[in-house]
Amino acid sequence: MTMNKNTLLDIYNKLYKFFGPQHWWPGDTPLEIIVGAILTQNTAWTNVEKAIANLKQVRLLSSPAKIKRSGRKALARLIRPAGYYNVKSARIKNFIDFLDSGYGLSLKRLGRRETAKLRSELMSVNGIGPETCDSILLYAFKKPVFVVDAYTKRIFSRHGIFSESLSYDKVQEIFMRSLPSDERLYNEYHALIVRLGKELCRKKPDCGNCPLKEHLNHLKTDSYNNII
DNA sequence: GACCAGGCACATC
DNA sequence: GATGTGCATGGT
Numbered sequence: 011m012t013m014n015k016n017t018l019l020d021i022y023n024k025l026y027k028f029f030g031p032q033h034w035w036p037g038d039t040p041l042e043i044i045v046g047a048i049l050t051q052n053t054a055w056t057n058v059e060k061a062i063a064n065l066k067q068v069r070l071l072s073s074p075a076k077i078k079r080s081g082r083k084a085l086a087r088l089i090r091p092a093g094y095y096n097v098k099s100a101r102i103k104n105f106i107d108f109l110d111s112g113y114g115l116s117l118k119r120l121g122r123r124e125t126a127k128l129r130s131e132l133m134s135v136n137g138i139g140p141e142t143c144d145s146i147l148l149y150a151f152k153k154p155v156f157v158v159d160a161y162t163k164r165i166f167s168r169h170g171i172f173s174e175s176l177s178y179d180k181v182q183e184i185f186m187r188s189l190p191s192d193e194r195l196y197n198e199y200h201a202l203i204v205r206l207g208k209e210l211c212r213k214k215p216d217c218g219n220c221p222l223k224e225h226l227n228h229l230k231t232d233s234y235n236n237i238i
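Start counting the first sequence at 11; every next residue gets the next number (this note's numbering).
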């Protein structure tokens with residue numbers, strides 16, 4: 011792997027300089043962040059926004075108890091624009107049931123748990139996988155946990171930093187061992203990776219503007235799939 | 001109309 | 001452990 015300890019920090023600094031702060035997560039309360047994390051699974055954020063707006067309109071995001079009291083079907087209708095609405099409404103319910111049974115519906119109490127235990131408990135909820143779990147830990151509970159996603163693997167593998175076939179845990183370990191354990195750094199870094207993936211790699215896949223072009227050791231390619 | 005998006009669970013080999 | 005499939009909407 012062509013990487014020393016500074017490569018990842020170096021890339022972070024280039025992204026930050028280029029794009030500036032991203033102000034993530036795009037949601038106000040821990041509950042909204044958690045629901046958003048489930049809704050955005052394999053789904054464009056613009057669709058999630060419509061679903062969140064529907065939930066807010068009927069004040070379903072005002073407390074976990076409100077979601078607890080609403081029916082799975084009613085929830086599904088509200089989140090319809092986010093896609094996979096039957097699956098996702100069940101997943102949101104699963105999380106609320108978990109919060110109810112172990113923590114009296116208190117997000118504050120849940121958030122006070124030690125990070126490693128919190129992670130394994132969240133991972134045991136059906137519908138919460140590694141990325142959703144780590145997004146919740148980082149963005150809702152402010153724990154220093156690095157979030158890996160499809161963009162992270164694609165971008166860094168195309169730049170020759172590591173192989174795309176590495177597991178989630180392995181990629182996360184590379185970032186967390188190479189960077190200081192800093193919640194704000196992890197917050198900004200993941201947000202910047204998503205920004206780069208969305209804005210440049212997808213819309214202008216020639217890499218001409220890419221703030222990381224010096225790191226490129228691939229090219230020349232001719233299709234979207236080959237670029238990011 | 002095809003392809004994609006800030007995944008995950010489950011079945012199968 | 002690797003690979004394949006269903007889940008669904010809205011934008012390009």
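Just so it is clear, CB atoms sit at the ideal spot from N, CA and C, and this is done for glycine as well.
A quick note: this is a predicted structure, and the numbers were derived from the prediction, not measured.
Check: Tyr-22 to Tyr-199 span [Cα, whole Å]; Outcome: 6 Å
Check: Option nearest Lys-10 by Cα separation, candidates Trp-34, Lys-78, Thr-162, Arg-87; Outcome: Any property of residue 10 remains undetermined from this structure, which presents the chain solely from 11 to 238.
Check: Rounded Cβ spacing between Ile-106 and Ile-48 (contact assumed at less than 8 Å); Outcome: Not quite, the Cβ-Cβ distance comes to about 11 Å (not below 8 Å), so this is no contact.
Check: Start and end residues, alpha helix (DSSP H) containing Val-97; Outcome: 95 to 113
Check: From Asn-64, Asn-16, Asp-159, residue whose alpha carbon lies closest to that of Thr-53; Outcome: Asp-159
Check: The region 111 to 131 in contact with the region 89 to 101 per 3-pair CB rule at 8 Å; Outcome: no
Check: Residue closest to Arg-69, alpha-carbon to alpha-carbon, out of Arg-90, Trp-55, Glu-42; Outcome: Glu-42
Check: Distance CB(Gly-137)-CB(Asn-96) smaller than 8 Å; Outcome: no
Check: Spatial neighbours of Leu-19 in its chain, beta-carbon cut-off 7 Å, leaving aside the 5 residues before and after; Outcome: Leu-189
Check: C-alpha gap between Leu-195 and Pro-154, whole angstroms; Outcome: 9 Å
Check: Cβ separation of Glu-131 and Val-157, assumed to be a contact under 8 Å, to the nearest whole Å; Outcome: Glu-131 to Val-157, Cβ: 18 Å. No contact.
Check: Closest residue to Leu-117 among Cys-217, Ala-150, Leu-202 (Cα-Cα distance); Outcome: Ala-150
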